[in-house]
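The next block holds one structure in the form of structure tokens; read it before the comments.
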Amino acid sequence: PTSLLWFRRDLRLGDHPALLAALEAAGPQGAVLPLFVVDPALWRPSGAPRRQFLRDCLAVLREDLGGALVIRGGDPAGVVPALAREIGATTVHVSADTGPYGRRRDAAVERALGATPLVRTGSPYAVTPGRITKSDGSPFRVFSPFARAWRAHGRRAPAPRPAVVPWLTGTASDDLPPAQDLGGVRLPAAGEDAALAAWGRFREERLPDYPGTRNRPDTDGTSRLSAYLKYGCVHPRTLLADLDRTDGEEPEPVRRFTDELAWREFYADVVWHRPESVREPLDPRTGAIPYDSGPAADELFAAWAQGRTGYPIVDAGMRQLLGEAYVHNRVRMIVASFLVKDLHLDWRRGARYFLQHLVDGDLASNNHGWQWVAGTGTDASPYYRVFDPTRQGRQFDPEGDYVRRWVPELRDLPAAHVHEPWLAPGGVPAGYPEPVVEHAAEREVALARYQRVRSA
Ligand code: FAD
2 PTSLLWFRRD
12 LRLGDHPALL
22 AALEAAGPQG
32 AVLPLFVVDP
42 ALWRPSGAPR
52 RQFLRDCLAV
62 LREDLGGALV
72 IRGGDPAGVV
82 PALAREIGAT
92 TVHVSADTGP
102 YGRRRDAAVE
112 RALGATPLVR
122 TGSPYAVTPG
132 RITKSDGSPF
142 RVFSPFARAW
152 RAHGRRAPAP
162 RPAVVPWLTG
172 TASDDLPPAQ
182 DLGGVRLPAA
192 GEDAALAAWG
202 RFREERLPDY
212 PGTRNRPDTD
222 GTSRLSAYLK
232 YGCVHPRTLL
242 ADLDRTDGEE
252 PEPVRRFTDE
262 LAWREFYADV
272 VWHRPESVRE
282 PLDPRTGAIP
292 YDSGPAADEL
302 FAAWAQGRTG
312 YPIVDAGMRQ
322 LLGEAYVHNR
332 VRMIVASFLV
342 KDLHLDWRRG
352 ARYFLQHLVD
362 GDLASNNHGW
372 QWVAGTGTDA
382 SPYYRVFDPT
392 RQGRQFDPEG
402 DYVRRWVPEL
412 RDLPAAHVHE
422 PWLAPGGVPA
432 GYPEPVVEHA
442 AEREVALARY
452 QRVRSA
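In UniProt numbering, the protein residues as written are 2 to 457.
In structure tokens, the structure reads:
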């Protein structure tokens, strides 16, 4: 028999339960056809960095498969059943997709496949979203109890990498999807080996200091694994298994890093239970918060998007986004808070912009990251928490090295003024804007708007 393995967000061969299921279905005499479908519904809105990274990952995967990867473009509900018929596949194997679009798409593919089963084995998460609920069966809405239950839930051991896979060859394939014009953006090296190498380096060199450096955008303190996790070049279960090797009590760096992986799983779980929450506020009371719109708001949005707000840490973050298709987590929180609470713009506008530019752009992590900052989402909705961009800058980029790396106009300012260039003896350096708004005043405006909605 022949089985079809349809790759999606699992572009690797190690720790891949769906691959093992496809192998088993094919049996000792059979073969497995590896497929990737370039789906216009996902390709089009992805933005150049993510498209290019996906293309690079597909090139590596094709090589890892000895050239056997079949690439086809189109609606999967047409492409997958047609190919299954073409090669006489008896089963189609996937890792489950638990996002709103993926669920709809897979249901459509399943219907179109008719009698040929679509077999879901594993998912991009250590614990498949939807598995963990409170004791009364309702979903978690707060991170800490979710993380406790997630840790206690237990998980599968990593799946062994098969020594040999009888890949079916000779089936017609399209070329790789088109290369993208990145305008100088540098992307991480693509593929499974690159992901494992990045993980190995982080574990050896930076994990021990992670609790102290993870919040410091001026250091290389975090793993930079997010794009690899997004496309499944490495599975979180592999990471967790490596971390588990430490004996006895969980060291603090391991606990902290595991918590970050748990946030990713938490947001996917929230989206599983509440798919509409990628577009609507999770907390319906906050749906009435007014946001600004119109030409003046558009101008402020443009200043934010281009990194020209006059607040150095905000501008550095937005320029990192355009330069690396990535932003440090602390700075994602700062720039998001600035858009929503200093400029009073809708978090969805910022979330959309992030998804166009991030190489790790992920609907669940991104949109719920934005909702958390906006105070409309999970946890105790910290609406009263308004990040002060100057204080955040001084605290987390104390020497100003991060700002200087991304905002060359401020390169000559000393640490004392780099986060407040308007206080520098010579004034704001030429070419750098004055602040577009005054933080202290806008903070009051934001709090008043939130307060009104809460007391209504
Ligand atoms: P590390 O600190 O090394 O963390 C390891 C892994 O844990 C990450 O790769 C990621 O998979 C996961 N993780 C860490 N923090 C979070 C978090 N707060 N929420 C969910 N998962 C987390 N992450 C994305 O992967 N895609 C996004 O589109 C995205 N958008 C965000 C938008 C906003 C407004 C905010 C505040 C956060 C967003 N994050 C997103 C979460 C976080 O910023 C990134 O995962 C992290 O910066 C990636 O860098 P890293 O791999 O070096 O992280």
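Every residue gets a Cβ at the ideal spot worked out from N, C-alpha and C, and that includes glycine.
Among the options, which has the Cα closest to the Cα of residue i?
| i | options | result |
| --- | --- | --- |
| Arg450 | Arg204, Pro50, Gly288 | Gly288 |
| Tyr354 | Pro218, Gln307, Tyr384 | Gln307 |
| Thr129 | His154, Pro118, Ser139, Gly318 | His154 |
| Asp389 | Asp380, Ala337, Arg187 | Ala337 |
| Asn368 | Pro296, Tyr268, Leu414 | Tyr268 |
| Leu283 | Glu251, Gln321, Trp200, Asp380 | Asp380 |
| Val429 | Thr170, Ile133, Arg453, Arg309 | Arg309 |
| residue 1 | Met319, Arg112, Gly100, Leu424 | Shown here, the chain extends from 2 to 457; a query on residue 1 therefore has no answer. |
| Glu206 | Trp305, Pro254, Pro189 | Pro254 |
| Ile290 | Val341, Ala425, Leu424 | Val341 |
| Gly324 | Val408, Ala83, Gln357, Gly185 | Gly185 |
| Asp219 | Gln396, Leu119, Gly138 | Gln396 |
| Tyr211 | Pro146, Gln393, Arg256 | Arg256 |
| Leu114 | Glu400, Glu25, Val93 | Val93 |
| Ile133 | Arg156, Trp371, Val120, Pro118 | Arg156 |
| Gly319 | Ser294, Thr391, Asp16, Gly351 | Looking at the sequence itself, residue 319 is Met, so the reference to Gly does not match. Here the closest residue by C-alpha is Gly351. |
| Thr30 | Ser136, Val81, Leu183, Leu169 | Note that residue 30 corresponds to Gln in the displayed sequence, not to Thr. When each option's Cα is compared against that of Gln30, the closest is Leu169. |
| Glu435 | Glu421, Ala442, Pro426, Leu448 | Glu421 |
| Arg105 | Leu43, Arg412, Phe54 | Leu43 |
| Cys58 | Ala69, Pro167, Asp194, Gly79 | Asp194 |
| Ala365 | Ala441, Asp270, Gly311, Arg453 | Asp270 |
Measure how close the beta-carbons of residue i and residue j come, nearest whole angstrom, since I'm counting them as under 8 Å.
| i | j | result |
| --- | --- | --- |
| Thr223 | Leu241 | At roughly 17 Å, the Cβ-Cβ gap does not stay under 8 Å, so Thr223 and Leu241 are not in contact. |
| Pro178 | Arg56 | 5 Å |
| Arg204 | Asp243 | 7 Å |
| Pro46 | Ala160 | At roughly 32 Å, the Cβ-Cβ gap does not stay under 8 Å, so Pro46 and Ala160 are not in contact. |
| Ala326 | Val360 | 4 Å |
| Val408 | Pro313 | 6 Å |
| Thr3 | Ala22 | About 14 Å separates the two Cβ atoms, so there is no contact after all. |
| Leu119 | Val95 | 7 Å |
| Leu183 | Gln53 | 6 Å |
| Ile88 | Val39 | Going by Cβ atoms, the distance from Ile88 to Val39 rounds to 19 Å, so no, they are not a contact pair. |
| Gly74 | Asp175 | 6 Å |
Spell out the partners DSSP gives residue i in its beta bridges.
| i | result |
| --- | --- |
| Arg121 | Val95 |
| Phe388 | In the DSSP output, where bridge partners are listed per residue, Phe388 has none listed. |
| Arg73 | Val38 |
| Ala90 | Thr3 |
| Trp168 | Val33 |
Could you tell me the boundaries of the beta strand (DSSP E) in which residue i lies?
| i | result |
| --- | --- |
| Ala133 | The sequence given here places Ile at residue 133; Ala does not occur at that position. Neither: Ile133 is in no beta strand (DSSP E) and is coded neither H nor E. |
| residue 1 | Lying outside 2 to 457, the shown extent of the chain, residue 1 is not represented and no answer is given. |
| Ser145 | Run containing Ser145: none in the beta strand (DSSP E); it sits in the alpha helix (DSSP H), 144-154. |
| Trp7 | 3-8 |
When every heavy atom of the ligand ATP is checked, does at least one fall within less than 7 Å of the C-beta of residue i?
| i | result |
| --- | --- |
| Leu226 | Ligands present in the displayed structure are limited to the ligand FAD, and the ligand ATP is not among them. |
Could you give the residue range of the alpha helix (DSSP H) that holds residue i?
| i | result |
| --- | --- |
| Phe339 | Taken as a continuous stretch (DSSP letters only), Phe339 belongs to no alpha helix (DSSP H), as it is neither H nor E. |
| Thr259 | 253-274 |
| Cys58 | 49-65 |
| Trp305 | 296-307 |
| Ser366 | 364-375 |
| Leu241 | 237-245 |
| Ser456 | 440-456 |
| Ser355 | It should be pointed out that residue 355 corresponds to Phe in this sequence rather than to Ser. Note, Phe355: alpha helix (DSSP H), 348-358. |
| residue 478 | This structure cannot settle anything about residue 478, because the visible part of the chain is limited to 2 through 457. |
| Ala195 | 193-202 |
| Leu114 | 101-114 |
| Gln321 | 313-325 |
| Ala22 | 18-27 |
| Tyr403 | 402-407 |
| Ala416 | 416-419 |
| Ala228 | 227-231 |
Taking three-plus beta-carbon pairs below 8 Å as touching, is the segment 225-244 in contact with the segment 123-141? Touching, yes, given that three or more Cβ pairs across the two stretches are closer than 8 Å.
Check: So, do the segment 345-363 and the segment 285-305 have three or more beta carbon pairs nearer to each other than 8 Å?
Finding: Taking one beta carbon from each stretch, the segment 345-363 and the segment 285-305 have 3 or more pairs nearer than 8 Å; the two touch.
Do three or more CB pairs link the segment 262-282 to the segment 98-107 at distances below 8 Å? The segment 262-282, when compared against the segment 98-107, does touch it at the 8 Å Cβ threshold.
Check whether the segment 136-151 touches the segment 186-199, counting contact only when three or more Cβ pairs, one atom from each stretch, lie closer than 8 Å. Here the segment 136-151 makes no contact with the segment 186-199; the two share fewer than three CB pairs at distances below 8 Å.
For the 8 Å Cβ check, are there 3 or more pairs between the segment 129-148 and the segment 163-174? With the cut-off at 8 Å, the segment 129-148 and the segment 163-174 do not touch.
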